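Participant:
Protein chains: 2
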Amino acid sequence: MPDTTSDTASAPITDIAFLQGVKVVDFTQFEAGPSCTESLAWLGAEVVKIENPNRGDPGRRLKPGLPDDDPYYFHIFNANKKSITVNLKSPEGLAVVKDLIRAADVVIENFAPGAIERLGLSYDVAKEINPGIIYAQVKGFGEGSPFEKNLAFDMIAQACGGTFSVTGDPDGPPTRPGISLGDTGTGMVMAITILGALYKKQQTGEGHRLQVAMQDAMLHYMRIPFSTQGKTGKIAERGGAKVPGIGNAPMGLYPCAPGGPNDYVYIMTSRANPDHWDKLLTLIGRKDLIGDARYLTPADRVENEPAVDALIAEWTRGLTKYDAMAAVGEAGIPAGAVLDTGELQNDVSFEHRGIMQTMIHPAHRPFKMPAWPVRVDGRVSRVTASPVLGEHTDQVLSDWLGLNAAAVEALKTGGAVS
Amino acid sequence: MPDTTSDTASAPITDIAFLQGVKVVDFTQFEAGPSCTESLAWLGAEVVKIENPNRGDPGRRLKPGLPDDDPYYFHIFNANKKSITVNLKSPEGLAVVKDLIRAADVVIENFAPGAIERLGLSYDVAKEINPGIIYAQVKGFGEGSPFEKNLAFDMIAQACGGTFSVTGDPDGPPTRPGISLGDTGTGMVMAITILGALYKKQQTGEGHRLQVAMQDAMLHYMRIPFSTQGKTGKIAERGGAKVPGIGNAPMGLYPCAPGGPNDYVYIMTSRANPDHWDKLLTLIGRKDLIGDARYLTPADRVENEPAVDALIAEWTRGLTKYDAMAAVGEAGIPAGAVLDTGELQNDVSFEHRGIMQTMIHPAHRPFKMPAWPVRVDGRVSRVTASPVLGEHTDQVLSDWLGLNAAAVEALKTGGAVS
Chain A
144 MPDTTSDTAS APITDIAFLQ GVKVVDFTQF EAGPSCTESL AWLGAEVVKI ENPNRGDPGR
204 RLKPGLPDDD PYYFHIFNAN KKSITVNLKS PEGLAVVKDL IRAADVVIEN FAPGAIERLG
264 LSYDVAKEIN PGIIYAQVKG FGEGSPFEKN LAFDMIAQAC GGTFSVTGDP DGPPTRPGIS
324 LGDTGTGMVM AITILGALYK KQQTGEGHRL QVAMQDAMLH YMRIPFSTQG KTGKIAERGG
384 AKVPGIGNAP MGLYPCAPGG PNDYVYIMTS RANPDHWDKL LTLIGRKDLI GDARYLTPAD
444 RVENEPAVDA LIAEWTRGLT KYDAMAAVGE AGIPAGAVLD TGELQNDVSF EHRGIMQTMI
504 HPAHRPFKMP AWPVRVDGRV SRVTASPVLG EHTDQVLSDW LGLNAAAVEA LKTGGAVS
Chain B
144 MPDTTSDTAS APITDIAFLQ GVKVVDFTQF EAGPSCTESL AWLGAEVVKI ENPNRGDPGR
204 RLKPGLPDDD PYYFHIFNAN KKSITVNLKS PEGLAVVKDL IRAADVVIEN FAPGAIERLG
264 LSYDVAKEIN PGIIYAQVKG FGEGSPFEKN LAFDMIAQAC GGTFSVTGDP DGPPTRPGIS
324 LGDTGTGMVM AITILGALYK KQQTGEGHRL QVAMQDAMLH YMRIPFSTQG KTGKIAERGG
384 AKVPGIGNAP MGLYPCAPGG PNDYVYIMTS RANPDHWDKL LTLIGRKDLI GDARYLTPAD
444 RVENEPAVDA LIAEWTRGLT KYDAMAAVGE AGIPAGAVLD TGELQNDVSF EHRGIMQTMI
504 HPAHRPFKMP AWPVRVDGRV SRVTASPVLG EHTDQVLSDW LGLNAAAVEA LKTGGAVS
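Going down the list, the protein sequences come from chains A and B. Be aware that the first sequence starts at 144, since it is given in our numbering, and climbs by one per residue. Be aware that the second sequence starts at 144, since it is given in our numbering, and climbs by one per residue.
(1) Check whether chain B comes within 8 Å of A:Thr-156, counting only Cβ atoms and requiring the distance to be less than that.
(2) If you measure between the beta carbons of B:Phe-296 and A:Met-411, is that distance less than 8 Å?
(3) Quick one, which residues of the segment 443-462 of chain B are near chain A if we go by CB-CB under 8 Å, in chain order?
(4) Which residues in chain A have a C-beta closer than 9 Å to the C-beta of B:His-495? List them in chain order.
(5) Report the option in B:Asp-483, B:Pro-177, B:Pro-477 and B:Thr-371 whose CA atom is closest to the CA atom of A:Glu-291.
(6) Please check the pair B:Glu-189 and B:Val-165, which I expect to be a contact at CB under 8 Å, by giving their CB distance rounded to whole angstroms.
(7) Among all the DSSP beta bridges, which residues are the ones paired with A:Val-250?
(8) Tell me whether A:Phe-220 sits in a helix, a strand or coil according to DSSP, three-state version.
(9) Would A:Ile-433 pass as a contact of A:Asp-421 if the rule is Cβ separation under 8 Å?
(10) What are the complete beta strand (DSSP E) segments, minimum 3 residues, inside the segment 254-339 of chain A?
(11) Return no unless some Cβ of chain A is closer than 8 Å to the Cβ of B:Met-502.
(12) Cβ closer than 7 Å: which chain A residues qualify as neighbours of B:Asn-405?
(13) Count the other CB atoms within 10 Å of the CB of B:Glu-534; is the residue buried (16 or more) or exposed (fewer)?
(14) Let me see if you follow: with CB-CB separation under 8 Å, is B:Cys-303 close to chain A or not?
(15) How about A:Ile-498 and B:Leu-341: do their beta carbons lie closer than 8 Å?
(16) Output needed for B:Asp-146: all residues of its chain with C-beta closer than 6 Å, excluding positions within five of it in sequence on either side, in chain order.
(17) Once DSSP output is grouped into helix, strand and coil, what is the label at B:Ser-182?
(18) Please compile the residues from chain A whose C-beta is within a distance smaller than 8 Å of the C-beta of B:His-351.
(19) How about B:Arg-429: is its C-beta nearer than 8 Å to some C-beta of chain A?
(20) Decide yes or no for the touch test of the segment 422-429 of chain A against the segment 451-470 of chain A: beta carbon pairs closer than 8 Å, at least 3 of them.
(21) Name, please, each residue of chain A whose Cβ falls closer than 7 Å to the Cβ of B:Asn-293.
(22) Could you spell out the range, first to last residue, of the alpha helix (DSSP H) harbouring B:Arg-366?
(23) Out of B:Met-468, B:Glu-380, B:Lys-374 and B:Arg-518, state which residue places its alpha-carbon closest to the alpha-carbon of B:Leu-423.
(24) Do the segment 314-328 of chain A and the segment 296-313 of chain B meet, that is, are 3 or more Cβ pairs less than 8 Å apart?
(25) Take the Cβ of A:Lys-225 as the centre, count every other Cβ of all protein chains shown within 10 Å, and call the residue buried at 16 or more, exposed below.
(26) Give the single residue among A:Ala-470, A:Leu-183, A:Val-519 and A:Gly-395 whose Cα lies nearest to the Cα of A:Leu-162.
(27) Under 7 Å Cβ-Cβ, which residues of chain B neighbour A:Asp-359?
(28) Would you kindly work out how many angstroms separate the C-alpha atoms of A:Gly-199 and A:Leu-532, rounded to a whole number?
(29) Check whether chain E comes within 8 Å of B:Arg-525, counting only Cβ atoms and requiring the distance to be less than that.
(30) Listing by chain order, which chain A residues have their CB less than 9 Å from the CB of B:Pro-477?
(31) Could you check what DSSP says for A:Ile-389 in three-state terms: helix, strand or coil?
(32) Please compile the residues from chain A whose C-beta is within a distance smaller than 7 Å of the C-beta of B:Tyr-409.
(33) Could you check if A:Gln-488 is buried or exposed, using at least 16 other CB atoms within 10 Å of its CB as the buried criterion?
(34) Could you spell out where the beta strand (DSSP E) holding A:His-504 opens and where it closes?
(35) What residue from A:Ala-279, A:Met-394, A:Leu-262 and A:Gly-558 has the CA that sits closest to A:Ser-413's CA?
(36) Check the Cβ-Cβ distances between B:Ala-246 and every residue of chain A, and say whether any is below 8 Å.
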């Protein structure tokens with residue numbers, strides 16, 4: 144699966160300037176915080192990562208001792224940002240950061256509980272420096288939760304937030320959704336809230352403290368299981384490929400040729416469209432079953448679901464997932480092939496549309512990655528390189544604080560920045 | 144699992160007014176669009192659903208023929224909004240909607256491809272009426288995608304967006320993540336982009352067309368699998384409860400007492416913290432294995448993962464998941480119990496913190512639901528009732544268009560609104 148340089152020469156890519164002039168002091172690390180600030184950067188904000196001079200964001204080095212040895216994890220969440228390296232343990236370094244906070248619109252952190260306060264950069268301190276600051280914090284668990292002091296990573300937040308409990312085979316154990324919803328899902332709800340606060344700040348200048356817990360954010364994404372529980376009165380269950388509580392068949396994954404691990408097509412007939420079933424029977428060459436009492440109503444088909452699924456699988460096994468998706472889709476019935484990361488990576492239509500772009504980075508080979516997926520006037524926000532550790536120290540100290548070269552040099556000599 | 148009325152009398156709930164004065168004309172239905180506009184409503188925007196007088200948002204009636212028979216699905220995605228019923232097929236009804244668009248900041252729709260244009264409310268029409276309009280569209284597939292005309296529901300978007308391919312048992316078939324990421328995950332990235340556009344509009348008055356495809360939005364949440372593929376050169380695989388590519392053990396779910404379907408605890412030792420393993424051995428009473436060559440390094444433990452997992456499971460089986468989570472967490476090792484919708488629904492700490500709130504609705508019994516999870520100055524946005532179909536027709540026509548009672552009555556008599 145080698146990276147291929149994108150064919151995006153003609154892709155509709157632009158520099159989105161919605162948030163031009165918005166300054167973000169970004170202490171975040173790993174994914175939950177960085178995914179939040181990256182979305183702001185893609186919309187035009189100036190996001191400055193405050194990094195430890197020795198290691199930087201720990202997401203930079205997944206193998207201890209080797210800097211930036213994994214370009215993917217770090218770069219994919221830190222595109223379009225700047226980096227300044229500051230020694231927060233030195234009084235001069237701390238003073239530099241306070242000056243940056245004074246110049247900023249937003250401060251954001253996702254350290255372990257209590258860490259930002261121990262650094263001397265609590266909300267009260269930041270508000271004192273800059274009463275209009277929007278101060279955003281991402282933690283694993285909420286204040287007042289029985290687990291408020293606990294660390295959380297994506298899997299912990301997902302386990303405690305319910306997503307494991309509704310994912311997997313009905314007869315099997317809880318399963319992790321394969322996406323890092325605990326991190327990026329949390330980052331998205333925080334980004335929305337920051338943007339709401341920025342909108343208001345533009346009118347009034349007012350600042351606010353924003354806090355989100357990853358466990359709490361998971362409940363937001365769990366609203367279908369909660370609504371199913373409300374309707375049935377039972378704890379929401381795992382459905383494998385199906386969606387428990389929908390009460391219609393056929394709905395689910397059907398195996399396709401040539402039988403690889405992801406050779407499946409999802410087919411979903413709608414209860415609101417009774418003709419879906421008859422159309423599907425026609426398509427699979429089983430017109431003889433139209434009107435058959437065993438399969439007449441959605442309830443009948445749910446009752447005979449194994450037989451219904453077998454009828455369809457017999458047909459899908461003879462087709463590739465792409466052909467099955469096309470045929471079922473053309474019959475007006477919702478269908479989707481299960482696509483894997485290789486197929487998605489190699490599908491040039493994503494590049495042609497700018498949805499996948501190649502990051503050109505000074506220290507790493509080019510690699511293709513998903514860009515911000517929302518188009519603005521037909522164009523997608525340009526992906527630019529994630530920062531090399533400390534790349535923008537001089538520039539930011541000059542632009543934000545008006546320091547001249549000699550002043551920056553003095554800070555460097557004193558060990559405050561690097 | 145009966146709904147219990149919340150004990151939120153003392154919960155820190157407030158009316159967040161970040162988006163006060165922002166007017167949204169909301170044509171959205173089901174979940175992808177409504178989850179987006181609901182987040183705007185929770186931050187203070189005035190969101191007006193434009194609904195068909197006969198049925199309204201099809202999400203209102205999951206059982207044909209019965210209005211609003213499922214309070215959960217509809218109400219959970221439409222809290223804090225208004226509803227006006229307009230006959231878009233009547234010239235006068237269409238004229239009313241155009242007048243609303245003239246008064247609005249945002250228009251948003253997630254109809255099937257081509258439908259909004261057939262209604263005579265394309266972007267070009269809206270822009271002609273209101274050059275500053277932010278016009279947002281959610282579709283299943285992007286323009287220029289091979290599937291651009293296809294319908295999509297959550298499962299289709301997730302299958303085609305890769306999330307099925309990375310979810311499930313390593314030896315089993317692709318599996319649906321149990322959360323509706325295809326819908327709400329898409330709604331969140333659109334909300335962020337709308338808010339970016341609103342920020343800019345406040346300075347310049349400019350409008351924009353925003354478009355997102357559910358399949359494209361899934362790639363944004365798939366960045367860990369893409370980065371894993373980049374690192375390994377192989378298609379991202381399913382990992383069951385584990386995260387493929389992390390290269391550390393122990394990490395995963397361990398069974399707890401009394402052995403119910405969700406009685407598991409997630410334990411995750413970090414490669415960056417070598418002492419996690421020794422601490423865990425001490426906790427589980429196996430100090431004798433500290434320094435044992437079979438389990439010395441992360442690589443050793445990955446190689447002997449079944450034995451490692453068995454050691455831990457032997458200990459966790461004797462504890463409830465809550466006790467195991469507490470004990471492992473207190474030892475400084477990340478851990479999380481798998482919580483199901485019943486346990487989350489009944490955990491009063493969510494209510495005390497305002498993260499779960501009870502919707503009091505005129506037509507339905509009270510029910511508890513997740514609120515917007517981000518706290519603002521320590522408070523959570525208040526959940527108010529979702530609208531009864533057409534509840535705000537008179538109010539919105541008066542407030543937005545300045546129509547008096549006689550003018551509204553004339554529109555009703557003519558069948559334009561109801």
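Glycine included, every Cβ here is placed at the ideal spot set by N, Cα and C. The structure displayed is predicted, hence computed values, not measured ones.
Facilitator: This is what the structure holds:
(1) It is Ile, not Thr, that sits at residue 156 of chain A in the sequence shown. Taking Cβ atoms only, chain B never reaches closer than 8 Å to A:Ile-156, which makes this a no.
(2) yes
(3) none
(4) Gly-287
(5) B:Pro-477
(6) 7 Å
(7) A:Val-168 and A:Tyr-278
(8) helix
(9) yes
(10) 277-282
(11) no
(12) Ser-308 and Pro-317
(13) buried
(14) yes
(15) no
(16) Low confidence applies here, because B:Asp-146 scores a pLDDT of 49, under 50, leaving its location unreliable and the question unanswered by this model.
(17) helix
(18) Val-519 and Asp-520
(19) no
(20) yes
(21) Gly-472
(22) 366-375
(23) B:Met-468
(24) yes
(25) buried
(26) A:Leu-183
(27) Ile-498 and Pro-516
(28) 6 Å
(29) No chain E is present in this structure, whose protein chains are A and B.
(30) Gly-283, Asn-293, Leu-294, Ala-295, Phe-296, Met-298 and Ile-299
(31) coil
(32) Met-298, Ile-299 and Ala-302
(33) buried
(34) 499-504
(35) A:Met-394
(36) no
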